[in-house]
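In terms of the working numbering, the sequence shown opens at residue 148 and continues consecutively. The beta carbon of each residue, even a glycine, is placed where N, CA and C say it ideally should be. This structure is a prediction, so every number in the text was calculated from the model and none was measured. These notes concern the structure reproduced below.
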Amino acid sequence: MLCLFEFLLVYPKKQKKFFLNSSPTNYQSCDLKNHIYIYICIYYWILRDLKSYMSYMTTMAHRLVSICLCLCLCLVITDGAPEKAIITQLPGFNGTFPSKHYSGYVTTNESHGRNLFYYFVVSERNPEKDPVVLWLNGGPGCSSFDGFVYEHGPFNFEAGKTSESLPKLHLNPYSWSKVSNIIYLDSPAGVGLSYSDNETDYVTGDLRTASDTHTFLLKWFQQYPEFLSNPFYISGESFAGVYVPTLSFEVARGIDAGLKPVLNFKGYMIGNGVTDEEFDGNSLVPFAHGMGLISDDLFQEITTTCRDNFWNSSYAGCGELLEKLDDNVSGLNIYDILETCYHSPNSRNITPANIKLPSSFREIGATDRPLAVRKRMFGRAWPLRAPVRDGNVPTWPQLLNSDSVPCTNDEVATAWLNNVAVRKALHAKQQNLTWELCTDNIVYDHDSGSMIKYHKNLTSRGYKALIFSGDHDMCVPFTGTQAWTRSLGYKIVDEWRPWIYDEQVAGYLQGYENNLIFLTVKGSGHTVPEYKPREALAFYTRWLAGSKI
148 MLCLFEFLLV
158 YPKKQKKFFL
168 NSSPTNYQSC
178 DLKNHIYIYI
188 CIYYWILRDL
198 KSYMSYMTTM
208 AHRLVSICLC
218 LCLCLVITDG
228 APEKAIITQL
238 PGFNGTFPSK
248 HYSGYVTTNE
258 SHGRNLFYYF
268 VVSERNPEKD
278 PVVLWLNGGP
288 GCSSFDGFVY
298 EHGPFNFEAG
308 KTSESLPKLH
318 LNPYSWSKVS
328 NIIYLDSPAG
338 VGLSYSDNET
348 DYVTGDLRTA
358 SDTHTFLLKW
368 FQQYPEFLSN
378 PFYISGESFA
388 GVYVPTLSFE
398 VARGIDAGLK
408 PVLNFKGYMI
418 GNGVTDEEFD
428 GNSLVPFAHG
438 MGLISDDLFQ
448 EITTTCRDNF
458 WNSSYAGCGE
468 LLEKLDDNVS
478 GLNIYDILET
488 CYHSPNSRNI
498 TPANIKLPSS
508 FREIGATDRP
518 LAVRKRMFGR
528 AWPLRAPVRD
538 GNVPTWPQLL
548 NSDSVPCTND
558 EVATAWLNNV
568 AVRKALHAKQ
578 QNLTWELCTD
588 NIVYDHDSGS
598 MIKYHKNLTS
608 RGYKALIFSG
618 DHDMCVPFTG
628 TQAWTRSLGY
638 KIVDEWRPWI
648 YDEQVAGYLQ
658 GYENNLIFLT
668 VKGSGHTVPE
678 YKPREALAFY
688 TRWLAGSKI
């Protein structure tokens with residue numbers, strides 16, 4: 148309205164008779180044209196100022212809405228993550244975390260009191276944009292703290308000087324949290340620090356585990372809504388070759404059904420993963436021959452007699468020949484044939500109680516990490532088709548048909564995760580819960596069958612998949628993985644070639660249509676990020692970014 152006041156000040160100087168200051172008589176004597184002119188001007192300026200005023204108010208309204216949205220966004224970023232879950236310190240670590248850490252429980256079944264434990268490491272690079280990755284270790288029945296402590300977690304664990312002292316923690320330069328937000332999950336209930344108040348939950352299987360973990364994810368993202376728009380990936384190794392595809396299928400199906408919140412699921416990644424009884428079971432013979440572990444004559448005799456069906460052959464003479472193969476490889480470390488393995492005088496009668504590892508093993512197989520490769524990775528070189536019993540390493544078909552999970556102990560992780568102060572720092576249950584690397588407290592049914600159909604379904608729908616193998620793993624040999632990825636029948640779009648890290652060949656890969664990649668890691672065993680941490684971080688970073696590996 149400022150223009151109207153300007154008119155009232157200026158117009159009297161131009162007109163001898165100003166109607167607002169005149170008497171009624173004078174007003175009536177004013178020139179009619181002047182009156183009309185005055186009214187038109189006043190009306191014009193009122194309309195002009197009203198338009199300006201409305202424009203001003205509209206602009207202010209837009210600004211107010213923007214401010215409110217920014218405030219809401221700030222509230223989400225600062226208050227989305229549950230405050231009670233934040234970790235402020237960890238026993239054994241003296242320093243500043245490179246990013247925020249959270250841990251705690253998500254209840255997946257209220258009536259049963261079924262609670263899954265997670266440890267969440269926020270990305271050290273760009274948390275708002277970097278992918279969120281779920282990590283699962285295998286078993287079935289093994290804790291994902293295996294990956295946290297020994298593979299790609301934010302810390303390297305240095306064993307204490309005595310059995311009573313806690314490990315010392317140092318920052319891991321090859322942590323996967325360098326480029327991603329990563330969730331380590333103990334699943335199913337009964338594994339690691341996850342538990343249920345109803346022990347019937349400890350009888351489970353592939354399908355129920357996938358469904359329960361999907362419930363965990365939906366509830367977790369509700370607690371951490373600021374990460375909901377980030378690209379989301381599912382990853383794991385070993386028996387997670389079953390966990391990952393079945394869970395990925397559940398997630399994809401939930402997205403199709405419109406379940407809320409809608410996850411920004413992009414794909415999955417599996418290392419040395421169990422996939423299919425036939426492909427996995429038939430992988431040892433060509434692996435052993437290719438690695439020079441058996442003679443040409445024995446290889447030809449086995450392939451002819453067993454007719455290329457090694458895992459479940461009933462042909463006459465096949466079993467005896469496979470026993471010969473067992474004898475040839477029984478002195479090797481099943482997780483990495485390059486690693487040294489301790490042998491007792493009688494390998495057939497050894498038990499966990501009489502296994503004694505010499506102190507020199509602390510120097511054997513040392514990696515870039517302060518802690519040497521785990522004692523369990525030196526393993527006990529059991530015959531691959533031996534009966535399942537404590538301390539034994541069976542073949543995968545035997546493992547899948549077993550009611551318990553044979554495993555060995557990890558002293559560093561066990562000492563740390565069963566410490567009262569550590570449990571308190573992690574917001575973990577204190578009573579009646581002993582952490583074990585792998586547990587036999589669950590009864591697990593491999594009820595999902597072959598993973599081939601899951602991989603076919605997911606990749607054909609556009610979800611990207613990276614299938615990688617340490618090429619010296621005899622537990623899940625790369626030969627089986629290479630065979631099943633080829634069996635999907637996809638067109639090759641990236642011919643077999645080396646992939647490079649630090650100007651050196653780090654392994655080989657073959658790319659298929661539908662965003663499927665098979666990749667090997669040269670010189671690595673069963674747990675690639677442990678044996679080759681630098682190379683693992685390299686292909687992980689490139690793949691997540693969509694770059695050429």
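Pick helix, strand or coil for residue i, following the three-state DSSP scheme.
i, result
"Thr719", "This structure cannot settle anything about residue 719, because the visible part of the chain is limited to 148 through 696."
"Trp690", "helix"
"Val432", "helix"
"Ala685", "helix"
"Trp563", "helix"
"Asn262", "strand"
"Lys325", "helix"
"Val389", "helix"
"Gly339", "coil"
"Tyr349", "helix"
"Glu425", "helix"
"Lys695", "coil"
"Lys679", "coil"
"Asn539", "Confidence is the limiting factor: at Asn539 the pLDDT is only 31, short of 50, which leaves the residue's position unreliable, though a coordinate-based value still follows. Reduced to three states, the DSSP call for Asn539 is coil."
"Val583", "The residue asked about is misnamed: residue 583 is Glu in this sequence, not Val. Note: Glu583 maps to coil in three-state DSSP."
"Gly437", "helix"
"Phe396", "helix"
"Asn501", "Only weak support is given to the placement of Asn501: the predicted model assigns it a pLDDT of 40, under 50, and the question is left unresolved by the model."
"Lys571", "helix"
"Asn267", "Note that residue 267 is Phe in the sequence shown, not Asn. DSSP places Phe267 in strand when its eight states are reduced to three."
"Ile93", "Summary: the structure shown does not reach residue 93, with the chain confined to residues 148 through 696, and so no result is reported for it."
"Lys315", "strand"
Count the other CB atoms, across all protein chains shown, that sit within 10 Å of the CB of residue i; report buried if there are 16 or more and exposed otherwise.
i, result
"Ser258", "exposed"
"Gln629", "buried"
"Pro301", "buried"
"Asp550", "Only weak support exists for where Asp550 lies, its pLDDT of 36 falling under 50; the value from the coordinates is given anyway. Exposed: under 16 other Cβ atoms inside 10 Å."
"Val391", "buried"
"Asp293", "buried"
"Ser376", "exposed"
"Asn493", "Confidence is the limiting factor: at Asn493 the pLDDT is only 47, short of 50, which leaves the residue's position unreliable, though a coordinate-based value still follows. So Asn493 ends up on the exposed side."
"Leu485", "exposed"
"Val476", "buried"
"Asn303", "buried"
"Asp427", "buried"
"Ser694", "exposed"
"Ser270", "buried"
"Val279", "buried"
"Leu684", "buried"
"Ala692", "exposed"
"Gly526", "Low confidence applies here, because Gly526 scores a pLDDT of 33, under 50, leaving its location unreliable and the question unanswered by this model."
"Glu311", "exposed"
Could you round the C-beta distance between residue i and residue j to whole angstroms and report it? I think they count as a contact, below 8 Å.
i, j, result
"Ala357", "Glu305", "Actually they do not touch by this definition, with Cβ atoms about 36 Å apart."
"Asp618", "Ser671", "7 Å"
"Phe264", "His248", "About 14 Å; that fails the 8 Å criterion."
"Tyr659", "Arg681", "Not a contact, Cβ separation roughly 26 Å."
"Leu584", "Ala560", "6 Å"
"Ala435", "Leu472", "6 Å"
"Asp483", "His317", "The pair is not a contact, with the Cβ atoms about 24 Å apart (cut-off 8 Å)."
"Asn284", "Glu384", "7 Å"
Which residues bound the beta strand (DSSP E) around residue i?
i, result
"Phe615", "Lys611 to Gly617"
"Ala653", "Gln651 to Tyr659"
"Lys413", "Phe412 to Gly418"
"Asp620", "Asp620 -> no beta strand (DSSP E), and no H or E assigned at all."
"Glu305", "Phe302 to Glu305"
"Gly383", "Phe379 to Glu384"
"Asp344", "Where Asp344 is concerned, there is no enclosing beta strand (DSSP E), given that its DSSP letter is neither H nor E."
"Arg644", "Ile639 to Tyr648"
"Gly251", "His248 to Asn256"
"Lys665", "As written in the sequence, residue 665 is Phe, which differs from the Lys given in the question. Note, Phe665: beta strand (DSSP E), Leu663 to Val668."
Where do the N-terminal and C-terminal ends of the alpha helix (DSSP H) with residue i fall, by residue?
i, result
"Thr628", "Phe625 to Ser634"
"Asp353", "Asp353 to Gln370"
"Thr451", "Asp443 to Cys453"
"Asp592", "First-last for Asp592: Val590 to Asp592, but that is the beta strand (DSSP E), not the alpha helix (DSSP H)."
"Gly294", "Phe292 to Tyr297"
"Tyr601", "Ile599 to Ser607"
"Lys471", "Cys465 to Val476"
Within 8 Å of any Cβ in chain C, is that where the Cβ of residue i sits?
i, result
"Gly383", "Structure shown: chain C not included; a single protein chain is present."
### Query
When the Cβ atoms of the region 318 to 327 are set against those of the region 566 to 576, are three or more pairs found closer than 8 Å?
no
#### Entry: the region 408 to 427 touching the region 585 to 603, judged by at least three CB pairs closer than 8 Å
yes
### Task
Specify whether the region 353 to 371 and the region 330 to 339 touch according to this definition: at least 3 beta carbon pairs, one from each stretch, less than 8 Å apart.
yes
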